[in-house]
Amino acid sequence: MTSFSRGLRMIALTGLSILACANAFAQSDDAASQDQDIASQGNPGNGGELFSRYCRGCHGEGGRGDGMVFMPKVPNLTKKGYIDQLPDSYLLLAISKGGPGIGKSNYMPAF
9 MTSFSRGLRM
19 IALTGLSILA
29 CANAFAQSDD
39 AASQDQDIAS
49 QGNPGNGGEL
59 FSRYCRGCHG
69 EGGRGDGMVF
79 MPKVPNLTKK
89 GYIDQLPDSY
99 LLLAISKGGP
109 GIGKSNYMPA
119 F
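Here you go:
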C-alpha cells in the first residue's frame, strides 16, 4: 500500500468516524453501531473534506504531520505501517475522544 493510499484510507476513516461520532451522541447504541458499520465502508470524498476542515491544520494536507501547528509535533499518519497497524476502533476512539482518549496530547480535540 502506497503512502498516498494509506493517507486516503486515513482521510476516509477520519471523516466518516467524525460523522459516526456526532450521530452516536444523538442516537441509541444500536444506531451508533450502524454508524460504525457505515464508517467502515469508507467514503474518501467526504472523509477528505472533513479531514481538510478539522485535521489538516495539525496533521498536514496529506497527513504527514507537517501542518501549521507549533506544538506538539504530530506523527506522520502516512508512515508505512503506522495506520495499517491500527484497528479502525482505535481510530474511531482517537477521533471521538480526542488525544486524551488514547493517551496522547490534550491539544487534539474530540470530534
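All residue numbers for the sequence shown refer to the numbering used here, where the first residue is 9 and numbers rise by one.
Every residue gets a Cβ at the ideal spot worked out from N, C-alpha and C, and that includes glycine.
A quick note: this is a predicted structure, and the numbers were derived from the prediction, not measured.
Using a 10 Å radius around the Cβ and a threshold of 16 neighbouring Cβ atoms, would you call residue i buried or exposed?
{"i": "G71", "result": "buried"}
{"i": "P117", "result": "exposed"}
{"i": "G68", "result": "buried"}
{"i": "G55", "result": "buried"}
Can you find a C-beta in chain D that's less than 8 angstroms from the C-beta of residue i?
{"i": "G53", "result": "Of the protein chains in this structure there is only one, and it is not chain D."}
Grab the span of the alpha helix (DSSP H) containing residue i for me, first residue to last.
{"i": "G65", "result": "R64 to H67"}
{"i": "A102", "result": "D96 to K105"}
Which whole-angstrom value is the C-beta distance of residue i and residue j, which I expect to be below 8 angstroms?
{"i": "I110", "j": "L101", "result": "6 angstroms"}
Apart from the five residues just before and just after residue i, which ones in its own chain have a Cβ nearer than 6 angstroms to its Cβ?
{"i": "N84", "result": "R72 and G73"}
{"i": "Y90", "result": "none"}
For residue i, which residues of its own chain have a beta-carbon under 7 angstroms away from its beta-carbon, when the five flanking residues on both sides are left out?
{"i": "Y115", "result": "P80 and G107"}
CB residue i to CB residue j, shorter than 8 angstroms?
{"i": "G75", "j": "R64", "result": "yes"}
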